[in-house]
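Student: This is the structure, below, for whatever I ask next.
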Amino acid sequence: MTYDTNNIFAKILRGEIPCVKVYEDEDTLAFMDVMPQAPGHLLVIPKTGSRNLLDADPQVLAKTITVVQRLAVAARAAFDADGVYVAQFNEPAAGQTVFHLHFHIVPRKEGEQTKPHSGAMADGELLKAHAEKIKAALA
Ligand code: 5GP
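In numbering that gives the first Met the number 0, the protein residues as written are 0 to 138.
Written out as structure tokens, the structure reads:
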């Protein structure tokens, strides 16, 4: 299992494919998932390439999970959520479809079902509005 530098998130990191950005620092990027399972679904990725958690550098992981926590707190506040689902899949057997380590952050409301994983594409303007809400909660 090797890291393929042509995966879609590597292309986003290189600026070859657009994304709706929520947060960026030297080591980490966070952006809206194009097929959100619930309003506010975002992804956090390290800038250093690894397929997933299994081959990640522990120091990179430590920085990434710190950002995941900050954004989970912000997403919960932004969407007035009752809970936050944080998910991370390793290899196809576990549901991984994009092979650059990423953490899903999905605000959840009591009693509301999530949409399917990798389901329908969301409207770009809506994703931008949701990103702004999370950014405001981060500030
Ligand atoms: P996983 O690899 O954990 O199964 O999920 C990959 C996630 O990336 C899915 O939730 C899917 O909706 C999302 N995704 C796939 N392609 C793109 C893309 O081009 N841009 C963004 N922002 N998200 C994507």
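Glycine is no exception: its CB is placed at the ideal position from the N, C-alpha and C atoms.
1) Give the DSSP-derived three-state secondary structure of ALA136 in the structure shown.
2) Tell me which residues share the same chain as TYR84 and place their Cβ nearer than 6 Å to its Cβ, disregarding the 5 neighbours each side in the sequence.
3) Measuring CB to CB, does TYR2 end up less than 9 Å from VAL66?
4) Can you tell me where the beta strand (DSSP E) holding ARG75 begins and where it ends?
5) SER49: beta carbon under 8 Å from a heavy atom of the ligand 5GP?
6) Anyone know if the C-beta pair for ALA39 and ALA92 falls short of 9 Å?
7) In its own chain, which residues sit with a C-beta less than 8 Å from the C-beta of ALA119, not counting the 5 before and 5 after it?
Tutor: The structure says:
1) helix
2) VAL105, ARG107
3) In this structure, VAL66 does not lie closer than 9 Å to TYR2 by Cβ.
4) No beta strand (DSSP E) holds ARG75; the alpha helix (DSSP H) holding it covers 57-77.
5) no
6) The displayed chain sequence assigns Gly, not Ala, to residue 39. Their beta carbons are not under 9 Å apart, which means GLY39 does not touch ALA92 by this criterion.
7) MET34
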